[in-house]
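Residue numbers (the UniProt record's numbering): 1 to 259.
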């Protein structure tokens, strides 16, 4: 089993990359890994004074079934904000197209925070979730998960919400933004809580925003809520907090549902 840290140490954006079997999600590579590697490809080549990662727009074009290559190009470099596009290829086919925004923190007299972390206890107060290897994809086993509320996948729930403490089994030495992007996609889609039996799903698009530059952490509380499921697609909101209660990521994802 290849850990996240080991894989990032071996990753070279200039060479074809083949994901280890434990990072697969059905017939494709775990989407959070492909997005994280797109960010890593930029961070590996950027100068030391490059702005911190701020947001991303990810389009999942097709499945990753062959060796991946990553091609990054700077779209615009301003005084505070730099935009970079990354194409992830699966062999000769485009698999992922990502636009990444890097932004320097700026002084502003406008500050507010209208969201608070859900009222849950710390991760040590909840038992580790035992994943069914016949249902959970291989990539899920690279994370430790502890349900802190909400519903469970494939439970026929009426409340389409996942609320879990999650951590990487090994992200030692990995850039905290890269680790956070991969971790943000660790849970199954929230709509799967409504399933009564396993069925296929596929992420179509993903928007990610970081309120402030990412910092190293261990446990993160992830809330994922399906706002609407209609005509075979779910629109879900996702938020992540660290153990101190600081919100570190907000995201929205469109998920195709095949049931």
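A virtual CB, placed ideally from N, CA and C, is assigned to each residue, including glycine.
Note that the structure is a prediction, hence the values are computed from the model and not measured.
Which of helix, strand or coil does DSSP assign to residue 122?
coil
Quick check: the Cα distance between residue 13 and residue 69, rounded to an integer number of angstroms?
Answer to the nearest angstrom: the Cα atoms are 7 angstroms apart.
Return the CA-CA distance between residue 63 and residue 95, expressed in angstroms with no decimal places.
6 angstroms
Using the C-alpha atoms, what's the distance from residue 110 back to residue 210?
17 angstroms
Distance check for residue 86 and residue 61, CA to CA, integer angstroms please.
13 angstroms
Bridge partners - residue 241, DSSP secondary structure assignment:
As computed with DSSP, residue 241 is found in a beta bridge with 221 and 247.
Could you name the residues of the same chain whose beta carbon sits closer than 7 angstroms to that of residue 104, not counting the 5 residues immediately before and after it, in chain order?
51 and 80
Residue 92 versus residue 243: straight-line alpha-carbon distance, rounded
42 angstroms
Taking only three categories from DSSP, how would you classify residue 145?
strand
With distance defined between alpha-carbon atoms, name the residue in 106, 59, 98 and 8 nearest to residue 212.
106
Going by other Cβ atoms of all chains shown within 10 Å of its Cβ, with 16 needed for buried, is residue 42 buried or exposed?
buried
Proximity winner among 226, 219 and 185, relative to residue 58 (alpha-carbon distances)
Closest in C-alpha terms to residue 58, from the list 226, 219 and 185, comes 185.
Beta-carbon contacts of residue 245 that lie in its chain and below 6 angstroms, excluding the five residues immediately before and after:
117
Tell me whether the beta-carbon of residue 256 lies closer than 9 angstroms to the beta-carbon of residue 237.
No. Outside cutoff.
Rounded to the nearest angstrom, what separates residue 140 and residue 214 at their Cα positions?
C-alpha separation (whole angstroms): 22 angstroms.
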